[in-house]
Amino acid sequence: MSIKKVMVIGAGQMGSGIAQVTAEAGLPVILHDVEDKFIQKGLAGITKNFDRAVEKGRMSVVARDAALKLITPSGGIADAAGVDLVVEAIVEKMTVKAKVFSELDAICPPHTILASNTSSLPITEIAAATKRPEKVIGMHFMNPVPVMTLVEIIRGLATDDSVCKAIADLTMKLGKSPVEVRDVPGFVSNRVLQVMINEAVFCVYEGVATPEGVDSVMKLGMNHPMGPLALADLIGLDTVLYILQIMHEGYADSKYRPCPLLRQYVMAGWLGKKVGRGFYTY
Ligand code: CAA
Ligand code: NAD
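If you read the sequence shown in this note's numbering, its first letter stands for residue 543, the second for the next number, and so on.
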């Protein structure tokens, strides 16, 4: 099964990063979002990253121009009819993802693989929104996509071996390392990471330390490249809350209960770096 043309649904921080690394690997990619202004914002971010790579001497001007040419802004979701793989990177909500997968299933030819970049939702449930569950898979990139080399590959109950192989091969073509994990809420990455982030929020909530204090402990004491609260701001506090809620419900285990302070920040619209305010101001 060879993947020659890709479409990315959602041009936010993850979708634009996925489109960037796909084009860098020489594959044509269509970038889609609900409004053209979001696609343009995604493209502007990609162009900025490529320009920086040129400035730093990591990419030639010719390679930058060639990669940019491979990215086409979508004219509508119907463009999915012409691709071999769709990677979905929209909001972390099952109802919204299921609707998009059902639409894609009706548009795409039978051979097209439908992948989700979900952080925590069951791939088996997303696949059930389609009539091709054997062609649905989790392809979980890490943020920032151009920098982080892990991709968790999540096999749903019905996912075909050939689909897992095609996605693992593509992951390596993108210069990343695939790790296959079972379809459980939060997979491995967020099961481990979000519990730490939530505990860091509880430390602030209980007045144990300031956000700067908590982050310094983890950076200076554990050599983390950034503290858990700065990382939560980078991920997006809405996404962190959705992931915790999905694991809390999925495991029915109180260890995943989201800290009330996190809920309050999300209610206030303090969603982190993407809006300029979270645990820090940007
Ligand atoms: N896009 C492209 N490149 C980026 C970038 C972005 N958004 N952010 C940083 N970079 C690049 C910079 O351009 C820089 O490149 P150069 O070497 O050419 O200068 C390089 O990364 C290092 O950046 P900085 O010097 O600005 O800062 P840093 O050294 O602190 O690194 C970081 C930034 C890579 C984000 C680092 O702090 C880090 O690794 N943090 C942890 C990230 C992490 O844990 N990610 C996983 C999140 S969880 C997840 O993704 C799963 C989920 O479902 C929620
Ligand atoms: P984001 O808010 O930056 O971007 C989401 C984009 O999807 C927005 O541009 C939005 O307009 C668009 N969108 C929403 N509904 C849509 C629809 N029906 N059709 C087309 N586009 C639609 O979010 P993000 O951080 O890029 O996260 C996207 C997905 O990736 C989520 O499932 C998230 O859990 C997952 N993820 C996030 C991270 C992270 O660190 N932020 C890491 C790994 C995976």
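The C-beta atom is built at its ideal place from N, Cα and C for all residues, glycine as well. Just so you know, these numbers come straight off a predicted model, no measurement behind them.
Give a yes or no on whether the minimum CB-CB distance between residue i and chain C is below 8 angstroms.
i       : result
Phe-683 : Absent from the structure is chain C; it holds one protein chain and no more.
So, is residue i buried or exposed, given that buried needs 16 or more other C-beta atoms within 10 angstroms?
i       : result
Val-750 : exposed
Leu-699 : exposed
His-682 : buried
Gln-806 : exposed
Arg-594 : exposed
Val-603 : exposed
Thr-564 : buried
Met-789 : buried
DSSP puts residue i in a beta bridge; with which residues?
i       : result
Arg-819 : Gly-814, Thr-823
Ser-719 : Leu-692
Ala-657 : Val-629, Ile-679
Ile-588 : Note: Ile-588 sits in no beta bridge, so no partner.
Arg-724 : Answer is none; Arg-724 lacks a bridge partner.
Pro-615 : Leu-573
Ile-560 : Looking at the DSSP assignment, Ile-560 forms no beta bridge with any residue, so it has no partner.
Val-550 : Leu-573, Val-629
Arg-697 : Ile-679
Leaving aside the five residues before and after residue i along the sequence, list all residues of the same chain whose C-beta is less than 7 angstroms from its C-beta, in chain order.
i       : result
Ala-620 : Ile-649
Go through its chain and collect everything with a Cβ distance to residue i's Cβ below 6 angstroms, but skip five positions before and after it.
i       : result
Ile-679 : Ala-657, Thr-701, Val-705, Ile-709
Leu-803 : Val-743, Tyr-747
Gly-818 : Tyr-824
Only counting the same chain, and skipping five residues up and downstream in sequence, which positions put a Cβ closer than 8 angstroms to that of residue i?
i       : result
Ser-719 : Thr-691, Leu-692, Val-693, Thr-713
Asp-768 : A small fix is needed here, since residue 768 is Met in this sequence, not Asp. Only Asp-757, Lys-761, Leu-776 meet the Cβ criterion.
Under 8 angstroms by Cβ, that's how I've got residue i and residue j pegged, so tell me the actual separation to the nearest angstrom.
i       : j       : result
Leu-779 : Gly-820 : 5 angstroms
Ala-586 : Leu-573 : Contact flag wrong, Cβ pair sits at about 12 angstroms.
Gln-555 : Asn-685 : 6 angstroms
Val-550 : Ala-631 : 6 angstroms
Ile-785 : Gln-736 : 5 angstroms
Pro-753 : Leu-773 : Pro-753 to Leu-773, Cβ: 11 angstroms. No contact.
Ala-553 : Asp-575 : 4 angstroms
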